[in-house]
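*Asks:* Attaching a single structure in structure tokens format; questions to follow.
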Amino acid sequence: MAQRRSAYGTSGPAVRGRASRPAAADKDTASAGRGPAPLTAAQNRFLRGQAHGLKPLLQIGGKGVTDAVVAELDEVLEHHELVKVKVAAEDRETRDAMIEQLAQRSGAALVQRIGHTATLYRPSKDKRQIVLPRA
59 MAQRRSAYGT
69 SGPAVRGRAS
79 RPAAADKDTA
89 SAGRGPAPLT
99 AAQNRFLRGQ
109 AHGLKPLLQI
119 GGKGVTDAVV
129 AELDEVLEHH
139 ELVKVKVAAE
149 DRETRDAMIE
159 QLAQRSGAAL
169 VQRIGHTATL
179 YRPSKDKRQI
189 VLPRA
């Protein structure tokens, strides 16, 4: 099998065909209920750019992450795919725990967290609006 050469030396065997595309396997594991496929650095950077002008659509108050909040987040994520959520908690550990719980219960990927605001992404099942870069 031929080796690919780059400016920095060989990069491994040149693989052609389906074996070189692990993205389909990631998509299958994400749809199997194990959570979202992890975002690459380029995808994360793209989503941060898309979220820059967004306003928070949800606000989590003193009662924390309830079933009603998760249901509303599911609806908002299905419609918008990329959502900012504002979490009103005093200490950082509580905010981090609430944001992590929101991401896990909604099946969304955490794109960014700045202060009290978290950006979550989950592709829509019906109508995808955001097309992520491949790598």
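Residue numbers for the sequence shown follow our numbering, so the first one is 59 and each next one is one higher.
For every residue, glycine included, the Cβ atom is placed at its ideal position computed from N, Cα and C.
None of the values given here were measured: they were computed from a predicted structure.
Could you check if Thr152 is buried or exposed, using at least 16 other CB atoms within 10 Å of its CB as the buried criterion?
*Replies:* Under this definition Thr152 is an exposed residue.
*Asks:* Would the beta-carbon of Ala109 fall within 8 angstroms of that of Gln170?
*Replies:* Yes.
*Asks:* Starting from Leu178, trace the beta strand (DSSP E) both ways and give me its first and last residue.
*Replies:* Element bounds for Leu178: 175-179.
*Asks:* Could you work out which residue in Val123, Ala129, Lys144 is closest to Leu112 when comparing CA atoms only?
*Replies:* Minimum Cα distance to Leu112 is reached at Lys144.
*Asks:* Given this structure, state the Cα-to-Cα distance separating Met156 from Thr175, to the nearest angstrom.
*Replies:* When rounded, the distance between both Cα atoms is 11 angstroms.
*Asks:* Shortest alpha-carbon distance to Pro114 belongs to which of Leu131, Ser182, Gly120, Ser164?
*Replies:* Per the Cα distances, Leu131.
*Asks:* Rounded to whole angstroms, what is the Cα-Cα separation between Ala167 and Asp149?
*Replies:* If you take the alpha carbons of Ala167 and Asp149, they lie about 22 angstroms apart.
*Asks:* According to DSSP, simplified to helix, strand and coil, what is Gln187?
*Replies:* Here Gln187 sits in coil by DSSP.
*Asks:* Check whether the Cβ atoms of Glu139 and Ser182 sit closer than 8 angstroms, and answer yes or no.
*Replies:* Contact: yes.
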